[in-house]
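A short write-up of the structure that comes next.
There are 2 protein chains.
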Amino acid sequence: MFNYDNQNGWPNKLGHYQSPIDLSSTDSINYDDNLAISSDMYYQLTEEINDGNTIRLLGHGNATIFNRKFTFQQLHFHLPSEHTIDGKTHPLEIHLVHTNEIGQTVVVAIMVNKGNSNPDIQSIINHFNNNVEQPVNISTNQWIPSLAKGFHYLGSLTTPPLTEGVEWLVITNAAITVSESQLQWFHNNFKHNNRKTQPLFERKVELYK
Amino acid sequence: MFNYDNQNGWPNKLGHYQSPIDLSSTDSINYDDNLAISSDMYYQLTEEINDGNTIRLLGHGNATIFNRKFTFQQLHFHLPSEHTIDGKTHPLEIHLVHTNEIGQTVVVAIMVNKGNSNPDIQSIINHFNNNVEQPVNISTNQWIPSLAKGFHYLGSLTTPPLTEGVEWLVITNAAITVSESQLQWFHNNFKHNNRKTQPLFERKVELYK
Numbered sequence: 001m002f003n004y005d006n007q008n009g010w011p012n013k014l015g016h017y018q019s020p021i022d023l024s025s026t027d028s029i030n031y032d033d034n035l036a037i038s039s040d041m042y043y044q045l046t047e048e049i050n051d052g053n054t055i056r057l058l059g060h061g062n063a064t065i066f067n068r069k070f071t072f073q074q075l076h077f078h079l080p081s082e083h084t085i086d087g088k089t090h091p092l093e094i095h096l097v098h099t100n101e102i103g104q105t106v107v108v109a110i111m112v113n114k115g116n117s118n119p120d121i122q123s124i125i126n127h128f129n130n131n132v133e134q135p136v137n138i139s140t141n142q143w144i145p146s147l148a149k150g151f152h153y154l155g156s157l158t159t160p161p162l163t164e165g166v167e168w169l170v171i172t173n174a175a176i177t178v179s180e181s182q183l184q185w186f187h188n189n190f191k192h193n194n195r196k197t198q199p200l201f202e203r204k205v206e207l208y209k
Numbered sequence: 001m002f003n004y005d006n007q008n009g010w011p012n013k014l015g016h017y018q019s020p021i022d023l024s025s026t027d028s029i030n031y032d033d034n035l036a037i038s039s040d041m042y043y044q045l046t047e048e049i050n051d052g053n054t055i056r057l058l059g060h061g062n063a064t065i066f067n068r069k070f071t072f073q074q075l076h077f078h079l080p081s082e083h084t085i086d087g088k089t090h091p092l093e094i095h096l097v098h099t100n101e102i103g104q105t106v107v108v109a110i111m112v113n114k115g116n117s118n119p120d121i122q123s124i125i126n127h128f129n130n131n132v133e134q135p136v137n138i139s140t141n142q143w144i145p146s147l148a149k150g151f152h153y154l155g156s157l158t159t160p161p162l163t164e165g166v167e168w169l170v171i172t173n174a175a176i177t178v179s180e181s182q183l184q185w186f187h188n189n190f191k192h193n194n195r196k197t198q199p200l201f202e203r204k205v206e207l208y209k
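Sequence order for the protein chains is A and B. Each step along the first sequence adds one to the number in the UniProt record's numbering, with nothing skipped, and position 59 is 59. Each step along the second sequence adds one to the number in the UniProt record's numbering, with nothing skipped, and position 4 is 4.
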């Protein structure tokens, strides 16, 4: 029973829905389906920011995610990955941050493996090296496969203010890879910037596979 | 710039998306449309709980809310209303709490005016008075109009633990009213149980009218 005459004394137990988490391929709720994401042909990345921890690119784009319209806000890079899958780290994790009108946030995380060099990421690196501000048009359907697979859960921003209520799609079958030298470039220019994995607590995770 | 070697020192500024709020009919984003909610013909309310502050009814039901499937969890009553509209209070606010698989919460709030007695609420009162545990089947389409109008915004639970990331639909054209004697019954059995309105901060509110 709560005392409505002493509302300042109410416990405000926030902090049980934090990200990143370790994603378990065995303990999730399985769906034989795709992650429900479709987006414009491309996002236009217009501004490139060195925020000290990562490169952050602002721009324009639209996506439909689990049947609701969202607007692209920014993307940035984490090395190594923040989410782990069955305890394993990926060398790179890209976060595409989207919001809607009422302020709901969906982050589409792409878990990237080492392989061929990616030309879009090379453009981003070249612009950064040359300190030039030129738009980069990324074809999201070259980054995100049309049949996206992966995890869906409720968490938080992974950097302060760590706001909760953030919906995560973590894509495990990325359409891109990055080369060893592209990874090396990030390591030379930025320190490791992965927040530690956080407790799952009572949360349920969906796996679309 | 964040220190990834001292993550325990990160600010965790939660508490900027709290509910209830004062809903402004002039400062919201207007849509000439309905609130996107459709539900089963009825929710079956199977368990009636006196939690000290209100009557809480658990049960079964399904709803599609802004294109996603949710499961009904419980409903309860606040007197007077927790949300205010242009500063004005309603005598009663009913909260229908729904969740989905990943733990997202949507509360459908029905702002109820004084008028005719409602038979479903009378059943709930009678069961409570007689201390009997009988299911009450509420026809949600008799509580929620088929063309629901009202507000849509992002907030929190209004009782501890005050969890954020809760999506609110506040219905302003309720299909039901309650009588003076029904209201009086609640006042005789429960103290006022409305949390104070919380600051809006940067949030945007949608108004479907």
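Idealized CB from N, CA, C, for every residue including glycine.
If you draw a straight line from the alpha carbon of residue 97 of chain A to that of residue 140 of chain A, how long is it in whole angstroms? Translated into positions along the first sequence, residue 97 of chain A becomes position 97. Translated into positions along the first sequence, residue 140 of chain A becomes position 140. Taking the straight line joining both Cα atoms gives about 13 Å.
Would you kindly work out how many angstroms separate the C-alpha atoms of residue 211 of chain B and residue 203 of chain A, rounded to a whole number? Residue numbering for chain B in the displayed model covers 1 to 209; residue 211 of chain B lies beyond these limits and cannot be assessed.
Going by DSSP, name the residue or residues bridged to residue 78 of chain B. In the second sequence, counting from the first residue as 1, residue 78 of chain B sits at position 78. Answer by DSSP bridge pairing, in chain order: B:93.
Determine the burial state of residue 192 of chain A: buried for a count of at least 16 other Cβ atoms within 10 Å of its Cβ, exposed for fewer. Sequence index remark: in the first sequence, residue 192 of chain A carries index 192 (1-based). Exposed, since its Cβ has fewer than 16 Cβ neighbours within 10 Å.
Within this structure, are the beta carbons of residue 70 of chain A and residue 36 of chain A separated by less than 7 Å? By 1-based counting over the first sequence, the position of residue 70 of chain A is 70. By 1-based counting over the first sequence, the position of residue 36 of chain A is 36. No. Outside cutoff.
Over the uninterrupted beta strand (DSSP E) stretch that includes residue 168 of chain A, give me the two end residues. As a working mapping, residue 168 of chain A is identified with position 168 in the first sequence. Looking at the DSSP string, the run of the beta strand (DSSP E) that includes residue 168 of chain A is 164 to 171.
Ordered along the chain, which non-local residues of its own chain (more than five positions away) have a Cβ less than 6 Å from that of residue 218 of chain A? Missing from the structure shown is residue 218 of chain A; chain A here goes from 1 to 209 and no further.
How would you call residue 20 of chain A, buried or exposed, if buried means at least 16 neighbouring beta carbons within 10 angstroms? Sequence index remark: in the first sequence, residue 20 of chain A carries index 20 (1-based). Under this definition residue 20 of chain A is a buried residue.
Nearest-angstrom Cα distance between residue 143 of chain B and residue 55 of chain A? Taking the first residue of the second sequence as position 1, residue 143 of chain B is located at position 143. Taking the first residue of the first sequence as position 1, residue 55 of chain A is located at position 55. So the alpha carbons of these two residues sit roughly 51 Å apart.
Thinking just about the alpha-carbon of each residue, which of A:34, A:61, A:49 and A:32 is nearest to the one in residue 42 of chain A? Residue numbering aside, residue 42 of chain A sits at position 42 when the first sequence is read from its first letter. Nearest option by C-alpha distance: A:61.
Taking 7 Å as the threshold (C-beta atoms), are residue 110 of chain B and residue 121 of chain B in contact? Taking the second sequence and counting its residues from 1, one reaches residue 121 of chain B at position 121. Taking the second sequence and counting its residues from 1, one reaches residue 110 of chain B at position 110. No, the pair does not count as a contact, with Cβ atoms beyond the cut-off.
Determine the burial state of residue 59 of chain A: buried for a count of at least 16 other Cβ atoms within 10 Å of its Cβ, exposed for fewer. The count along the first sequence starts at 1 and reaches residue 59 of chain A at position 59. When all chains shown are included, residue 59 of chain A counts as buried.
How many Å lie between residue 162 of chain B and residue 75 of chain A at the Cα? In the second sequence, the residue the question calls residue 162 of chain B occupies position 162. In the first sequence, the residue the question calls residue 75 of chain A occupies position 75. About 30 Å.
DSSP three-state label for residue 133 of chain A, please. Start at 1 with the first residue of the first sequence, and residue 133 of chain A comes out as number 133. In this structure, residue 133 of chain A counts as coil in the three-state DSSP scheme.
Kindly say whether residue 203 of chain A, judged by its beta-carbon, lies nearer than 7 Å to any beta-carbon of chain B. In the first sequence, residue 203 of chain A corresponds to position 203, counting from 1. Yes, residue 203 of chain A lies at the interface with chain B (some Cβ there is under 7 Å from its Cβ).
Buried or exposed: residue 210 of chain A, going by 16 or more other Cβ atoms within 10 Å of its Cβ? Residue 210 of chain A lies beyond the range of chain A shown here (1 to 209); nothing can be said about it.
Quick check on the DSSP output: the beta strand (DSSP E) that includes residue 105 of chain B runs from which residue to which? Working through the second sequence from its first residue, we reach residue 105 of chain B at position 105. Start and end: 105 to 114.
For residue 206 of chain A, return the contacting residues in chain B, with the cut-off set at a CB-CB distance below 7 Å. Mapped onto the first sequence, residue 206 of chain A falls at position 206. Ordered by position in chain B, the residues that pass the 7 Å Cβ test against residue 206 of chain A are 101 and 102.
Quick one, which of A:174, A:209, A:57 and A:33 has its alpha-carbon nearest residue 114 of chain A's? As a position in the first sequence, residue 114 of chain A is number 114, starting the count at 1. Comparing Cα-Cα distances from residue 114 of chain A to each of A:174, A:209, A:57 and A:33, the minimum goes to A:174.
Compare the C-beta of residue 160 of chain A with all C-beta atoms of chain B and state if any pair is closer than 7 Å. Translated into positions along the first sequence, residue 160 of chain A becomes position 160. Yes, its Cβ sits closer than 7 Å to a Cβ of chain B.
Cβ atoms of residue 78 of chain A and residue 194 of chain A: under 7 Å apart, would you say? Taking the first sequence and counting its residues from 1, the one referred to as residue 194 of chain A is at position 194. Taking the first sequence and counting its residues from 1, the one referred to as residue 78 of chain A is at position 78. In contact: residue 194 of chain A and residue 78 of chain A (Cβ atoms closer than 7 Å).
Would the beta-carbon of residue 83 of chain B fall within 7 Å of that of residue 23 of chain B? Sequence index remark: in the second sequence, residue 83 of chain B carries index 83 (1-based). Sequence index remark: in the second sequence, residue 23 of chain B carries index 23 (1-based). For residue 83 of chain B and residue 23 of chain B, yes; Cβs fall inside 7 Å.
Report yes or no: is there a C-beta of chain B within less than 7 Å of the C-beta of residue 4 of chain A? As a first step, residue 4 of chain A is located in the first sequence; it is residue number 4 there, counting from the start. Residue 4 of chain A counts as touching chain B.
Where residue 192 of chain A meets chain B, residues with beta-carbon distance less than 8 Å: Counting from 1 along the first sequence, the entry for residue 192 of chain A is found at position 192. Chain B residues near residue 192 of chain A: 4.
Could you work out which residues of chain B lie near residue 154 of chain A, taking near to mean beta carbons separated by less than 8 Å? On the first sequence, residue 154 of chain A is found 154 positions in, with the first residue counted as 1. Ordered by position in chain B, the residues that pass the 8 Å Cβ test against residue 154 of chain A are 102, 103, 104 and 165.
Rounded C-alpha distance that separates residue 196 of chain B from residue 39 of chain B: What you label residue 196 of chain B is simply residue 196 of the second sequence in a count that begins at 1. What you label residue 39 of chain B is simply residue 39 of the second sequence in a count that begins at 1. Near 30 Å, if we compare the C-alpha coordinates of residue 39 of chain B and residue 196 of chain B.
With DSSP run on the structure shown, which of helix, strand or coil describes residue 127 of chain A? As a first step, residue 127 of chain A must be located in the first sequence, where it is residue number 127. DSSP places residue 127 of chain A in helix when its eight states are reduced to three.
Buried or exposed: residue 172 of chain B, going by 16 or more other Cβ atoms within 10 Å of its Cβ? Within the second sequence, numbered from 1, the residue matching residue 172 of chain B stands at position 172. By the neighbour-count rule (16 or more Cβ atoms within 10 Å), residue 172 of chain B is buried.
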